[in-house]
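First up is the structure itself, then whatever we jot down about it.
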Amino acid sequence: GYSCTGTGIIMSEDGYILTNAHVVDGGTNIQVVLSDELESETLDAQLIGCDTQTDIAVLKVDKTGLPAAEFGTSSELVVGEAAIVIGNPLGFDLSGTVTAGIISALDRELTIEDRTMNLIQTDASINSGNSGGPLINAYGQVIGITSAKVSSTYGEGLGFAIPIDEAMPIVEDLM
Numbered sequence: 004g005y006s007c008t009g010t011g012i013i014m015s016e017d018g019y020i021l022t023n024a025h026v027v028d029g030g031t032n033i034q035v036v037l038s039d040e041l042e043s044e045t046l047d048a049q050l051i052g053c054d055t056q057t058d059i060a061v062l063k064v065d066k067t068g069l070p071a072a073e074f075g076t077s078s079e080l081v082v083g084e085a086a087i088v089i090g091n092p093l094g095f096d097l098s099g100t101v102t103a104g105i106i107s108a109l110d111r112e113l114t115i116e117d118r119t120m121n122l123i124q125t126d127a128s129i130n131s132g133n134s135g136g137p138l139i140n141a142y143g144q145v146i147g148i149t150s151a152k153v154s155s156t157y158g159e160g161l162g163f164a165i166p167i168d169e170a171m172p173i174v175e176d177l178m
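Counting the sequence shown from 1 gives a position; my numbering is that position plus 3.
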């Protein structure tokens with residue numbers, strides 16, 4: 004087997020976690036490593052649901068009292084506003100990396116591996132381990148799910164994220 008790393012977003016204090024499907028797809032042993040602020044604990048995770056079409060997956064860890072992310076809305080985004088990415092680019096050696104930029108474009112229709120996705124474009128730096136992590140607005144709200152699979156196909160300074168308004172109905176279906 005091989006291992007792959009990505010990033011996730013804690014959705015609820017009782018352990019639901021949002022990430023990219025391609026991070027966990029085909030995984031037999033999924034683990035979630037909590038950040039240093041949460042005592043860097045490693046927990047076994049159960050795959051609740053996975054949708055490869057939209058590249059969204061929901062995991063569940065057996066822990067309560069987790070600090071849940073606050074979710075915003077992507078429909079109100081404006082090109083030029085601040086965008087922040089948090090994640091583990093290139094794996095855990097660089098865990099908790101924060102990069103910032105702006106919203107470069109909205110409603111970018113891109114086809115990745117035969118799937119057409121409607122994405123938010125940002126110039127905040129996104130690398131492979133960032134997949135599944137949050138794209139955050141100036142108010143600290145999650146407004147997108149970063150997908151590095153898309154970014155690596157393109158050039159530097161071109162990052163993409165799944166808009167949270169499109170992700171949420173799928174997340175609810177999966178749960």
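In this text, a Cβ means the ideal position worked out from N, Cα and C, and glycines have one as well. The structure presented is a predicted model; accordingly, all values stated were derived computationally and were not measured.
(message) If you reduce the DSSP assignment to three classes, tell me which class P70 lands in.
(response) Of the three classes helix, strand and coil, the one that applies to P70 here is coil, per DSSP.
(request) Go through the segment 21 to 57 residue by residue and report every complete run of the alpha helix (DSSP H) that reaches 4 residues or more, in order. (result) With a minimum length of 4 residues, the unbroken runs of alpha helix (DSSP H) contained wholly in the segment 21 to 57 fall at 24 to 27.
(request) From the DSSP output, read off the bridge partner residues of I165. (result) In the DSSP assignment, I165 is bridged to I148.
(request) Report the rounded CA-to-CA distance for G26 versus S131, giving the unit in angstroms. (result) Residue identity differs from the one stated: residue 26 is Val in this sequence, not Gly. S131 has its alpha-carbon roughly 10 Å from the corresponding atom of V26.
(message) For G147, which residues in the same chain have their Cβ closer than 7 Å to its Cβ, ignoring the five residues on either side in sequence?
(response) These residues qualify, in order along the chain: S77, I123, L138, A164, I165, P166 and I167.
(request) Compute the distance between the beta-carbons of T10 and G136, then report whether it is under 7 Å. (result) Contact flag set, yes.
(message) Less than 7 Å between the C-beta atoms of I51 and K63, yes or no?
(response) In this structure, I51 lies near K63, with their beta-carbon atoms less than 7 Å apart.
(request) Could you tell me whether the Cβ atoms of A24 and D54 are closer together than 7 Å? (result) Yes, Cβ-Cβ distance for A24 and D54 is below 7 Å.
(message) Would A127 and V88 be called neighbours here (beta carbons separated by less than 7 Å)?
(response) Yes, Cβ-Cβ distance for A127 and V88 is below 7 Å.
(message) Can you look up E112 in the DSSP assignment and give me helix, strand or coil?
(response) E112: strand per DSSP, three-state reduction.
(request) Report the partner residues of N130 according to the DSSP bridge assignment. (result) Assignment of beta-bridge partners to N130 by DSSP yields no partner.
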